[in-house]
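Notes for the one structure printed next.
Residue numbers (my numbering): 186 to 387.
Here it is, written out as structure tokens:
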């Protein structure tokens with residue numbers, strides 16, 4: 186998935202940080218066996234950018250979103266080109282003196298209405314796609330948040346931080362790599378997602 190297509194906001198990012206110190210229980214569905222040496226009570230972290238790049242659910246939802254966006258953009262382009270052609274044809278007829286003043290005025294008014302309709306269509310579609318993208322981001326953030334909380338029931342970490350960025354990541358700028366649970370968490374997320382899809386097909 187392209188890195189710049191889905192970026193969780195700071196509020197959603199920080200909402201995923203989990204602070205808990207629970208007793209260990211049976212492993213939740215989809216949780217991968219951890220290779221991390223971090224012990225219960227540790228403060229660990231995961232890289233949100235890497236999770237978003239490798240999370241199958243995020244990639245699948247983004248693929249659907251991109252397809253719909255592409256279709257809408259194609260329709261916007263088609264309507265825009267038609268409007269340009271109609272305006273060009275009208276101007277050509279006016280320049281050649283092929284229209285009476287009353288007819289020219291009526292056609293000009295019609296073009297104005299078409300222009301306004303086109304602009305409103307573009308605005309409506311942009312709002313529609315912005316809302317759908319926000320819903321998609323919320324779905325992904327919610328899935329990650331729920332899994333992280335379930336994941337921690339078997340690990341008992343004091344806190345799980347979500348960090349982002351590569352050059353100067355925040356909020357975790359530097360830490361012992363042994364506290365990085367990104368790969369383990371991502372494996373568990375994808376396993377859980379695959380199981381969810383299989384159950385949906387049944």
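Idealized CB from N, CA, C, for every residue including glycine.
Asked	Found
Three-pair Cβ contact test at 8 Å for the region 223-233 versus the region 297-307	no
CB contact flag (residue 293, residue 264, <8 Å)	no
Stretch-stretch touch, CB-based, cutoff 8 Å, three pairs: the region 364-375 with the region 248-265	no
Whether residue 352 touches residue 223 by CB criterion (8 Å)	no
Stretch pair the region 234-242 + the region 262-276: three plus CB contacts closer than 8 Å	no
Residue environment, residue 323, which counts as buried when at least 16 other CB atoms sit within 10 Å	exposed
Local conformation of residue 232 per DSSP, three classes	strand
3-residue-minimum beta strand (DSSP E) runs that sit fully inside the region 334-380, ordered along the chain	344-348
Closest Cα partner of residue 331 within the set 370, 357 and 284	370
Alpha-carbon to alpha-carbon, residue 340 and residue 246	29 Å
Residue range of the unbroken alpha helix (DSSP H) whose run includes residue 285	Note, residue 285: premise wrong, no alpha helix (DSSP H); not H, not E.
Residue range of the unbroken alpha helix (DSSP H) whose run includes residue 281	Where residue 281 is concerned, there is no enclosing alpha helix (DSSP H), given that its DSSP letter is neither H nor E.
For residue 252, the nearest candidate out of 358, 317 and 381 (CA to CA)	317
Exposure of residue 384, with buried meaning 16 or more beta-carbon neighbours within 10 Å	exposed
Classification of residue 199 by the beta-carbon crowding that lies within 10 angstroms, buried from 16 upward	Interpretation of residue 199 is limited by its pLDDT of 41, a score under 50 that renders its predicted location unreliable; the figure taken from the coordinates is listed afterwards. Exposed is the call here.
Beta-carbon spacing of residue 296, residue 262 below 8 Å	no
Simplified DSSP state of residue 293, which is helix, strand or coil	helix
Residue 359 vs residue 348 beta-carbon contact at 8 Å	no
Residues of its chain near residue 308, where Cβ-Cβ distance is below 6 Å and the 5 sequence neighbours each way are ignored	none
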